[in-house]
Amino acid sequence: MRRLTRRALAMCALVLPLSAANAQAPAWNATRARELAERATARRALQLADTGLRDYSALAHGFVTFLAQVGEGLTEPPKIVKADELVSEIYWLAPNRSKQRIVGRRDTLLLPTDISYHRDHLGIVQNNFPSIIRLGDGDEVRDVPHPLSTEGLEAYDFAITDSLDLQLPGRRIQVLEVKVRPRDDRAARVIGALYIDREEAQVVRMAFTFTRAAFLDDALEDLSVVIENSLVSGRFWLPRRQEIEIQRGGSWLDYPIRGIIRGRWEIGDYKVNTGLQPGFFGGQEIVLAPRAVSDTFHFAGKVLDSLPPDVRAVSDADVRQVREEARALVRAQALARPQALIPAANGISDVAHVNRVEGLALGAGVTSRVHGVGLQARGRYGIDDREGKGFVGLDYRRPRAAVRVSARRDFREAGDIVERSGVVNSLAAQEFGADDTDPYGVQSVGTGLDLLGRRGFNLHLDVTLERQRPLSVHATPAFGSYEPTIPAAKLRTVRGALRVDRPTTLSWFGTEVRLDGELRVARISTDDQAVPVADGVLTRAFAAAAIERPTGAGRLVALVAGGGVHGGARVPMQDLVYLGGPVSAAGYGYHQLAGDAAVMASMEWRVAAPGPSLNLGRFGKVPGTLTLAPLVQAAWIHAHSAPSALGSGVYPSVGIAVLPLFDLVRLQVARGLHKGRWTFNVDISRDFWGIL
Numbered sequence: 053m054r055r056l057t058r059r060a061l062a063m064c065a066l067v068l069p070l071s072a073a074n075a076q077a078p079a080w081n082a083t084r085a086r087e088l089a090e091r092a093t094a095r096r097a098l099q100l101a102d103t104g105l106r107d108y109s110a111l112a113h114g115f116v117t118f119l120a121q122v123g124e125g126l127t128e129p130p131k132i133v134k135a136d137e138l139v140s141e142i143y144w145l146a147p148n149r150s151k152q153r154i155v156g157r158r159d160t161l162l163l164p165t166d167i168s169y170h171r172d173h174l175g176i177v178q179n180n181f182p183s184i185i186r187l188g189d190g191d192e193v194r195d196v197p198h199p200l201s202t203e204g205l206e207a208y209d210f211a212i213t214d215s216l217d218l219q220l221p222g223r224r225i226q227v228l229e230v231k232v233r234p235r236d237d238r239a240a241r242v243i244g245a246l247y248i249d250r251e252e253a254q255v256v257r258m259a260f261t262f263t264r265a266a267f268l269d270d271a272l273e274d275l276s277v278v279i280e281n282s283l284v285s286g287r288f289w290l291p292r293r294q295e296i297e298i299q300r301g302g303s304w305l306d307y308p309i310r311g312i313i314r315g316r317w318e319i320g321d322y323k324v325n326t327g328l329q330p331g332f333f334g335g336q337e338i339v340l341a342p343r344a345v346s347d348t349f350h351f352a353g354k355v356l357d358s359l360p361p362d363v364r365a366v367s368d369a370d371v372r373q374v375r376e377e378a379r380a381l382v383r384a385q386a387l388a389r390p391q392a393l394i395p396a397a398n399g400i401s402d403v404a405h406v407n408r409v410e411g412l413a414l415g416a417g418v419t420s421r422v423h424g425v426g427l428q429a430r431g432r433y434g435i436d437d438r439e440g441k442g443f444v445g446l447d448y449r450r451p452r453a454a455v456r457v458s459a460r461r462d463f464r465e466a467g468d469i470v471e472r473s474g475v476v477n478s479l480a481a482q483e484f485g486a487d488d489t490d491p492y493g494v495q496s497v498g499t500g501l502d503l504l505g506r507r508g509f510n511l512h513l514d515v516t517l518e519r520q521r522p523l524s525v526h527a528t529p530a531f532g533s534y535e536p537t538i539p540a541a542k543l544r545t546v547r548g549a550l551r552v553d554r555p556t557t558l559s560w561f562g563t564e565v566r567l568d569g570e571l572r573v574a575r576i577s578t579d580d581q582a583v584p585v586a587d588g589v590l591t592r593a594f595a596a597a598a599i600e601r602p603t604g605a606g607r608l609v610a611l612v613a614g615g616g617v618h619g620g621a622r623v624p625m626q627d628l629v630y631l632g633g634p635v636s637a638a639g640y641g642y643h644q645l646a647g648d649a650a651v652m653a654s655m656e657w658r659v660a661a662p663g664p665s666l667n668l669g670r671f672g673k674v675p676g677t678l679t680l681a682p683l684v685q686a687a688w689i690h691a692h693s694a695p696s697a698l699g700s701g702v703y704p705s706v707g708i709a710v711l712p713l714f715d716l717v718r719l720q721v722a723r724g725l726h727k728g729r730w731t732f733n734v735d736i737s738r739d740f741w742g743i744l
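Per this note's numbering, the very first residue in the sequence shown carries number 53; after that it's consecutive.
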């Protein structure tokens, strides 16, 4: 037997389930399941009239939040872009009239956006949906038959898969979990579960998603609904908690971007059979109260302080369960977003960038995924080095695992910490000769295995056969000159790498932690007598932890990283541990600290301060604040077998950053306190580097 959810049980003020359920495979369309579905359908058709419910009113408190998720794999928690808090008066009159009046609404804009919600996103679902389900005012989902409707009885299969006993004062109610799947998963249908009171055949809870065919917007990836009802006046199952989550994916160049709308509502303060009049229900169902009412409504605290603590989770636990159960009930193709061969790129820099080796490089790519099999192909050409580079990959993906094969002729960056976004680096390299990259050439073929969501961690194992080579400067900047490239060794390698990452998660005391690490073992060899590296085994490890925690009126942000390499008397330059730059060692030159072992720690305190307010038109208004971030850093380098430009030692620095325009821009000035200098850096927020 499986309980509903912790919140569902609390909602009903019930005790733990008492009865056990059959754990075997569902018995689809068994007599008992069909009879229960038919009784529940008949009950819905009566619109509760025979229960004595003539009308009711209630008060609903909800949040509608728009979030953006970016980055490879879309594993990092989404960022809040806009959050609306609403309070609505809810009215219902038998048999099927409803009215919702928004009496209080406020919003907070955290990033520029011109999003406007469909009207039904701002309200709750009454009567567990009508017989035909529509969402997004019919622009997202339309004309989907309800499972508990006359058409639905013919369109869906039903199976009782669980039962639980709910104990109320002086009464015990048995609720049956009924799984629902479409008979034709190519049609516009729902997939999920209904929880039905066995005695009276009333709906206690609904949790479902939709087949791909139900989506009218091609950008939609998923739309999940959770509706929970509670027993009011000991007789009527009426709305108590609702959640709708809508996910849209990027549709241009396959950028790893996702927009998410989350609506969460709590409904209570019911008044039953008060004598509501039919004339009250004219006009639109969801309306705004007159300004004389809404302007005087008082909210407590701030919108962001009131948001549910898990609103930034990659996916709500209940919604995630709905999706997992849906995948188990129908073919994967019935849920998957179709993806033919389309243009693709991981970021703007894949399309065009500038560095000292290639000069201006122009690229393009395509991707396709059919039945879990994906194809990716990318290529680019450097104007100044007159060379083509490319990548071809094939993978087979399941929800929590993937197998990959690939071949490439491309560049790889020395070092582990990215110091600057791709777009800003291209501008700085082109105009001022400030190229914060250290590339070396790689030709490889290999295979890989991804294991996702293992106790919160993602594991990536790669084995490749490679040839590595040094690169030369070919380009000329508009002003100044380029530094030489690193003297990478010309090598043949058999390379195995295990990468482990844990996306940002909420930890103890409200701390957010993100972890990344890599262990690499390579068998290296060379025929070039001029290369001062001996054949042998090279072992290298590097790990980083990003930590954030709200504190008082500000926010502490810390980064700790370090690693080492072992490979005999002389380590190839491309495998050294590098620090230096605005992220790893502010106040020191790019990769000025290089050695066979290094550790860095950085901490800054972000606090709001008065700033200019700007009107961005339809994209909103920049609030009259900005963020100040005093910072301290320290880097330690061990450079005995791989001499650093500054030698072994500790290199501290101090500085301050200013983050205006919704914290989208970062202006940083810092001073290295030991053999360092003053540095100034301008960049985009690090959250968006993955697509720049």
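Just so you know, even glycine gets a beta-carbon here, dropped at the ideal spot from N, CA and C. Given the structure is predicted, the values throughout are model-derived calculations rather than measurements.
DSSP places residue 132 inside the beta strand (DSSP E), whose first and last residues are 131-145. By the CB criterion at 8 Å, residue 141 and residue 111 fall inside the cutoff. In the three-state reduction of the DSSP assignment, residue 349 falls in the coil class. At the C-beta level, residue 527 and residue 546 stay beyond 8 Å of one another. By the 16-neighbour rule on beta-carbons within 10 angstroms, residue 718 is buried.
Counting only runs of 3 or more residues that sit fully inside the segment 305-343, the beta strand (DSSP E) segments are 309-324, 338-340, in chain order. Each of 590, 592, 606, 566 was checked against the Cα of residue 612, and the nearest Cα belongs to 566. Residue 198 carries a coil assignment under DSSP once its states are collapsed to helix, strand and coil. If you check the CB distance, residue 428 and residue 397 do not come in under 8 Å. In the three-state reduction of the DSSP assignment, residue 591 falls in the strand class. Under the three-state reduction of DSSP output, residue 176 falls in the coil class, being neither helix nor strand. Going by C-alpha positions, residue 488 is about 7 Å away from residue 471. Relative to the Cα of residue 720, the nearest Cα in the group 90, 732, 418 belongs to 732. In this structure, 264 is the residue among 264, 281, 184, 715 with its C-alpha nearest to the C-alpha of residue 275.
The C-beta separation of residue 92 from residue 253 comes to about 4 Å, placing the pair in contact by the 8 Å criterion.
Each residue's CA atom was taken as its position, placing residue 208 and residue 193 some 18 Å apart. Under the three-state reduction of DSSP, residue 691 is assigned to coil, being neither helix nor strand. The straight-line gap separating the alpha-carbon atoms of residue 315 and residue 327 is approximately 30 Å. Secondary structure note for residue 93: its alpha helix (DSSP H) is the uninterrupted segment 83-97. Inter-segment contact for the segment 535-553 and the segment 507-527 is present: three or more beta-carbon pairs are separated by less than 8 Å. For residue 205, the secondary structure class from DSSP, reduced to helix, strand or coil, is helix. Distances from the CA of residue 739 to each of 309, 187, 569 were compared; the closest alpha carbon is that of 309. Secondary structure note for residue 484: its alpha helix (DSSP H) is the uninterrupted segment 474-484. The beta carbon of residue 676 sits closer than 8 Å to those of 662, 663, 664, 665, all from its chain and outside the five residues before and after it, given in chain order. By the Cβ criterion, the segment 223-240 is in contact with the segment 197-212, since at least three pairs of Cβ atoms, one from each stretch, lie closer than 8 Å. Of the residues assessed, residue 448 falls on the exposed side of the cut-off, its CB having fewer than 16 other CB atoms within 10 angstroms.
Between residue 700 and residue 690 a beta carbon distance of about 5 Å is seen, short of the 8 Å cut, so the two are scored as contacting. By the Cβ-count criterion, residue 251 is exposed, with fewer than 16 other Cβ atoms from all chains shown falling within 10 Å of its own Cβ. Short of 8 Å from the beta carbon of residue 176, and not among the five residues preceding or following it, lie these beta carbons of its own chain, in chain order: 112, 114, 140, 142, 152, 291, 294, 317, 319. With fewer than 16 other Cβ atoms from the protein chains shown falling within 10 Å of its own Cβ, residue 618 counts as exposed.
DSSP places residue 403 inside the alpha helix (DSSP H), whose first and last residues are 400-403. Fully enclosed beta strand (DSSP E) runs of no fewer than 3 residues occupy 645-647, 649-662, 677-690 of the segment 640-693, in order along the chain. Beyond the five residues adjoining it in sequence on each side, residue 228 comes within less than 6 Å, by CB distance, of 212, 215, 248, 250 in the same chain, given in chain order.
For the 8 Å CB-CB criterion, residue 399 and residue 744 form a contact. Counting only runs of 3 or more residues that sit fully inside the segment 499-553, the beta strand (DSSP E) segments are 509-521, in chain order.
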